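A short worksheet on the structure shown next.
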Amino acid sequence: MAGDRAIIFRGEDTADGGEPLAPVVRRGPDGSAVHILTAPDPASAAALAAEYADRGVTGIELCGATGFPWLSEVEAAVRGRARVGTVLFGFESLIGIARYKERAIAGEAQRALFLYVQPGADPAVDRFVRTAGPNTSTYVAVPEPGAGAAVVSGFTDGADLIELYGGWDGDAVAAVIGAVDERVPVGVAVSSPATGPR
Numbered sequence: 182m183a184g185d186r187a188i189i190f191r192g193e194d195t196a197d198g199g200e201p202l203a204p205v206v207r208r209g210p211d212g213s214a215v216h217i218l219t220a221p222d223p224a225s226a227a228a229l230a231a232e233y234a235d236r237g238v239t240g241i242e243l244c245g246a247t248g249f250p251w252l253s254e255v256e257a258a259v260r261g262r263a264r265v266g267t268v269l270f271g272f273e274s275l276i277g278i279a280r281y282k283e284r285a286i287a288g289e290a291q292r293a294l295f296l297y298v299q300p301g302a303d304p305a306v307d308r309f310v311r312t313a314g315p316n317t318s319t320y321v322a323v324p325e326p327g328a329g330a331a332v333v334s335g336f337t338d339g340a341d342l343i344e345l346y347g348g349w350d351g352d353a354v355a356a357v358i359g360a361v362d363e364r365v366p367v368g369v370a371v372s373s374p375a376t377g378p379r
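Residue 297 in my numbering sits at position 116 of the sequence shown, and the numbers go up by one each step.
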């Protein structure tokens, strides 16, 4: 699993009537994999992260709906065996992400676009869609961060939220923000250098 990564999204708790979402594994041309997982709470995310760190993933990223309590539990569970990060939003996205959260709490339908870096990927075909309750999430693999702005510009279904995973530099993030003219909140997964292997 060297070079494999896991992205953990906040998912529904089956005790609350939500349906668990099965893990999705997306393999790149080089054989590395991105594991897309869901967890309903910090403890569940920490258990998943520990399991995948034991299996040899080198990076674990948490979606923007989790936050620092989740990050803290995941870092403790992983104990430096993988690099851990979480999605953060810049100043230009704060009003948009607050509105997104309000709509989520109200149960309104929303559309999210999640881009993740996977070398050799073809964004036109390396994508899939998940629906959970009223929400639709589209996951798109990009070969490198510089391809993100073009994918966002060509995303005809629109999005209420965009999150970027897998090592995005400032120029690539700024290009995505520019492509939506700051109308959509854009978050990017960032890691602390002290959280584990690169």
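C-beta atoms are modelled at their ideal positions from N, C-alpha and C, and glycine is treated no differently. Please read all numbers here as calculations on a predicted model, not as lab measurements.
With burial defined as no fewer than 16 other Cβ atoms inside 10 Å of the residue's Cβ, what is the status of residue i: buried or exposed?
i	result
Thr312	exposed
Asp307	buried
Glu242	buried
Thr337	exposed
Gly368	buried
Arg186	buried
Gly329	buried
Ile276	exposed
Gly212	exposed
Val238	buried
Ser381	Residue 381 is absent from the model: the chain starts at 182 and stops at 379.
Ala230	buried
Val370	The sequence shown places Ala at residue 370, rather than the Val named in the question. Under this definition Ala370 is a buried residue.
Just the Cα atoms here: how many angstroms apart are residue i and residue j?
i	j	result
Arg191	Arg236	21 Å
Val255	Val332	30 Å
Ala360	Val354	10 Å
Gly314	Tyr281	16 Å
Arg260	Ala356	34 Å
Leu269	Glu289	23 Å
Ala148	Phe249	What the structure shows of the chain is the stretch from 182 to 379, and residue 148 is not part of that stretch, so it cannot be assessed.
Glu232	Val365	34 Å
Leu252	Pro204	20 Å
His216	Gly240	10 Å
Ile189	Asp352	25 Å
Trp349	Ala227	24 Å
Arg458	Ala258	An answer regarding residue 458 cannot be provided, because it is not within the stretch 182 to 379 covered by the chain.
Ala214	Ile278	29 Å
Arg292	Val310	10 Å
Ser373	Ile358	23 Å
Per DSSP, which residues does residue i bridge with? Please list them.
i	result
Ala313	Asn316
Tyr346	Tyr297
Thr219	Phe190
Ala370	Val268
Arg364	Looking at the DSSP assignment, Arg364 forms no beta bridge with any residue, so it has no partner.
So, with DSSP's three-state summary, where would you put residue i?
i	result
Leu275	helix
Ala353	helix
Gly266	strand
Gly240	strand
Ala196	Only weak support is given to the placement of Ala196: the predicted model assigns it a pLDDT of 45, under 50, and the question is left unresolved by the model.
Ala246	coil
Val306	coil
Ala228	helix
Ala181	Nothing about residue 181 can be reported from this structure: the residues present for the chain run from 182 to 379 only.
Arg260	coil
Ala322	strand
Do we get a CB-CB distance below 8 Å when we pair residue i with the residues of chain D?
i	result
Glu344	The displayed structure is made up of one protein chain only, and chain D is not part of it.
| said: Quick check: the region 335-343 against the region 252-268, are at least 3 beta-carbon pairs closer than 8 Å? | reply: With a cut-off of 8 Å on Cβ pairs, the region 252-268 is not in contact with the region 335-343, counting fewer than three such pairs.
| Is the region 292-309 close to the region 320-332, with three or more CB pairs under 8 Å? | Enough Cβ pairs lie closer than 8 Å, so yes.
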